[in-house]
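Counting in my numbering, the sequence shown runs from 1110 upward without gaps. Positions of the beta carbon are idealized from the N, C-alpha and C atoms, including for glycine.
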Amino acid sequence: MTPASNIWAQAACTALGYSNISTNAYRALCGSVRRLCPVSLTEQPRGWRDLSPDEQQRYVQRLTNTYPGVRDAQLFMAFVKHVLQAYKGEVKRRLREKAVHENERDDTPGGDPSAVRVGSL
1110 MTPASNIWAQ AACTALGYSN ISTNAYRALC GSVRRLCPVS LTEQPRGWRD LSPDEQQRYV
1170 QRLTNTYPGV RDAQLFMAFV KHVLQAYKGE VKRRLREKAV HENERDDTPG GDPSAVRVGS
1230 L
């Protein structure tokens, strides 16, 4: 992946001082940024604005310790906020699909997930 192929990959490259970043390295960077968040993002979808000021401060400290060579802090934080927002949307989608799947299983006769639901007659 070249920096120009993805605006957020380009932002990450510029902020970190890279000339370009591979697709795998970009995905690893996004995963690392998510894992550094001080709250569990998989249980409850959250973006930057959903974090308390204390959580934001702890998160920034973790990011600073992990990425000490950031050349453009504002651009890097824009990238971090994008990663959180994108992951929030992904988690919401997964939770919605899980709820739909569980509702379909609950509606089956006898709770048997292998049973086929038949409409009312």
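ask   = Which of the three DSSP states, helix, strand or coil, is assigned to residue 1168?
value = Residue 1168 sits at position 59 when you count from the first residue of the sequence shown. Helix, per DSSP.
request  = Please confirm if the region 1175-1186 is in contact with the region 1202-1216, defined as three or more CB-CB distances below 8 Å between the two stretches.
outcome  = With a cut-off of 8 Å, the region 1202-1216 and the region 1175-1186 do not count as touching, because too few Cβ pairs lie within range.
task = Output the distance between the C-alpha atoms of residue 1129 and residue 1139, rounded to the nearest integer angstrom.
result = Locating residue 1129 in the sequence shown gives position 20, where the first residue counts as 1. Locating residue 1139 in the sequence shown gives position 30, where the first residue counts as 1. Between the alpha carbons of residue 1129 and residue 1139 lies a distance of about 15 Å.
ask   = Helix, strand or coil for residue 1202 per DSSP?
value = Sequence index remark: in the sequence shown, residue 1202 carries index 93 (1-based). In this structure, residue 1202 counts as helix in the three-state DSSP scheme.
Inter-stretch contact (C-beta, 8 Å, three-pair minimum) for the region 1155-1165 and the region 1186-1199 = The region 1155-1165 makes contact with the region 1186-1199, as at least three CB pairs between them are under 8 Å.
ask   = According to the Cβ coordinates, are residue 1172 and residue 1189 closer than 8 Å?
value = Position 63 of the sequence shown, counted from the first residue, corresponds to residue 1172. Position 80 of the sequence shown, counted from the first residue, corresponds to residue 1189. In contact: residue 1172 and residue 1189 (Cβ atoms closer than 8 Å).
inquiry  = Nearest by alpha-carbon distance to residue 1142: which of 1121, 1153, 1205 and 1204 is it?
reply    = Locating residue 1142 in the sequence shown gives position 33, counting from the first residue. Cα-wise, what sits closest to residue 1142 is 1121.
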